[in-house]
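Down below is the structure, laid out as structure tokens.
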Amino acid sequence: MPVPNPIATLFSYFPLHTFPPITPQAVARDASTPTLWIAPPLSSPTLSVSSEDRVLSSDVECLKWQAYIALRGLKNLKVRWDVAAEGSLEGRLPNLHLPKADAAKLNADLNPTEENPKADAEETLGLYAARLIPSWVDLTLGFDSASDALEGYKDVASRDESRAWVALLEGVVHAALLISLPQQVTLAQLLGLGYSSSSPSPSTATSKPSSQTSSTLQTVLSPPPAPLTGFTSLLPSFGTRVSRTSVISQYVEAIASLSERLGTDQWFLGSSQPTPLDALAFAYLHCILVHAKEPVRVEVTKRVNLVAWEWRVRSTNIGYIGFALSVMTQTLGFLAVQQKLKPSYQEGRRLAY
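Numbering (this note's numbering), first residue to last: 5 to 357.
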């Protein structure tokens with residue numbers, strides 16, 4: 005049936021254009037050195053241009069793993085931040101990209117009972133999620149941390165106490181850090197219905213950590229905040245009603261307790277060597293000191309021992325990783341694998357640290 009003339013005339017004003025497909029500008033490359041994919045660092049007036057801190061991720065989750073690797077004593081590692089979170093495994097950064105030889109060893113260690121283990125597509129590429137970083141570190145150092153019942157702490161009581169500090173950092177402190185970052189203004193905020201727990205807006209990408217790795221407020225607060233609308237409302241439940249004053253009040257108490265517990269010790273809980281708690285504490289203290297706004301930042305700056313501890317760990321442990329600053333610019337066109345990896349064609353930088 006032919007198209008009527010009036011409709012054909014109307015369609016003529018909106019011609020259909022077909023564009024050629026966009027192909028990757030580069031093929032997938034095997035990593036020559038273990039590489040950590042992280043959220044990009046952010047410029048800050050508190051950091052000098054020549055400072056080694058510019059390779060530290062602005063995202064607390066990525067920085068936690070950077071600190072963990074550094075405090076375990078590994079060196080000769082690279083970081084790259086030209087891959088968006090959508091192009092990473094499970095949609096979350098960081099990811100670990102290993103050379104073929106290292107990936108084969110890790111695959112064999114993860115599947116010791118299989119003679120010919122069938123590696124996933126990601127493992128074939130030598131790409132691993134963050135949860136496998138401790139296994140790779142243990143394999144590289146030749147040490148099984150799972151065999152240590154104390155997990156690096158001096159006694160069982162300290163090990164159990166560390167669980168409470170981890171919950172405090174990932175709960176109240178994380179919520180305060182989220183509140184101190186630029187937020188997307190919503191209609192609910194404008195109407196005074198509550199604090200928006202949505203991720204920071206893309207327009208603030210130059211002044212915020214990656215929103216992809218930051219948990220929303222309703223998932224980090226305990227108990228979870230109430231919804232903006234009541235159960236008897238005609239509208240379905242949406243948003244969250246978060247009291248900024250309550251979060252800041254709990255945060256102030258948490259930082260005071262953290263400072264008192266650290267005291268003048270070299271590592272938290274009196275450990276003789278750095279533990280995962282130290283890596284987590286460093287990540288939060290660094291992000292608060294560098295990226296957070298008032299009054300979240302000032303609560304840490306008032307505690308001299310916390311500021312001195314963060315500076316010492318950063319300068320003697322985290323910043324000691326070498327920073328050869330071998331800057332390379334390349335175009336990334338990584339293969340998409342089982343729709344879990346999305347290609348990214350942005351030009352980025354890879355810095356050795």
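Using N, Cα and C, we set each Cβ at its ideal position, and we do this for glycine too.
N99 bridges to which residues according to DSSP? DSSP, once it has assigned bridges, lists W41 and A133 as partnering N99.
Quick check on R318: buried or exposed, where buried means 16 or more other Cβ atoms within 10 Å of its Cβ? Burial call: buried.
Start and end of the beta strand (DSSP E) containing K82? Unbroken beta strand (DSSP E) run through K82: K82 to R84.
Would you mind reading off the limits of the alpha helix (DSSP H) that contains A296? Element bounds for A296: n/a, residue is neither H nor E.
Identity of the residue in R307, L14, A71 and Q277 nearest V256 by Cα: By alpha-carbon distance to V256, the top candidate from R307, L14, A71 and Q277 is R307.
Determine whether the beta carbon atoms of A285 and L181 lie at a separation below 8 Å. Not a contact, by the Cβ cut-off of 8 Å.
Three-state class that DSSP yields for R245 in the structure shown: Three-state result, R245: strand.
Looking at the structure shown, is E155 part of a helix, part of a strand, or coil, going by DSSP? Coil, per DSSP.
Beta-carbon contacts of P8 that lie in its chain and below 6 Å, excluding the five residues immediately before and after: Answer for P8: no residue qualifies.
Reducing DSSP to helix, strand and coil, say where A307 ends up. Strictly speaking, residue 307 in this sequence is Arg, with Ala absent from that position. The answer is coil: DSSP assigns R307 none of H, G, I, E or B.
Should H101 be labelled buried (16 or more other beta-carbon atoms within 10 Å of its own) or exposed? Result: buried.
Using 8 Å as the cut-off, can you tell me whether the segment 81 to 90 makes contact with the segment 12 to 28, which would need three or more C-beta pairs spanning the two stretches below that distance? Here the segment 81 to 90 does not lie against the segment 12 to 28, with fewer than 3 beta-carbon pairs under 8 Å apart.
With a CB to CB cut of under 8 Å and the five nearest residues on each side skipped, what residues in its chain are close to V300? Contacts found: A180, L181, I183, S184, I252, Y255 and I292.
S364 to L14 span [Cα, whole Å]: The question about residue 364 has no answer here: the residues shown for the chain are numbered 5 through 357.
Counting only the same chain and skipping the five closest in sequence on each side, list residues whose C-beta sits under 6 Å from that of P25. Correct list: empty, nothing qualifies.
Presumed contact (8 Å Cβ cut-off) between L93 and L40, rounded CB distance: Cβ-Cβ separation between L93 and L40: approximately 13 Å, too far for a contact (criterion under 8 Å).
Return helix, strand or coil for P138, following the three-state DSSP convention. Look at P138 here: in three-state DSSP terms it is helix.
Coarse secondary structure for W313, derived from DSSP in three states: Helix.
Taking the beta carbon of N99 as the centre, do at least 16 other beta carbons fall within 10 Å, making it buried, or is it exposed? By the 10 Å Cβ count, N99 comes out buried.
F147, buried or exposed, once every other Cβ within 10 Å from all chains shown has been counted against 16: So F147 ends up on the exposed side.
Beta-carbon proximity list for T313, same chain, < 7 Å, skipping 5 on both sides: Here the sequence assigns Trp to residue 313, which means Thr is not the residue at that position. Here W313 has L266 as same chain residues with Cβ atoms under 7 Å from its own Cβ, once five neighbours each way along the sequence are excluded.
Please look up how many angstroms separate the CB atoms of Y157 and S275, rounded, as I've assumed it's under 8 Å. With 8 Å as the limit, Y157 and S275 qualify as a contact, their Cβ atoms being about 6 Å apart.
As assigned by DSSP and simplified to three states, the class of W271: Residue state, collapsed to three classes: coil.
Three-state secondary structure (DSSP) of K79: If DSSP states are grouped into helix, strand and coil, K79 belongs with coil.
Test item: CB-CB of L281 and L273 under 8 Å: For the 8 Å CB-CB criterion, L281 and L273 form a contact.
Please confirm whether L97 and S139 have their CB atoms less than 8 Å apart. Not a contact, by the Cβ cut-off of 8 Å.
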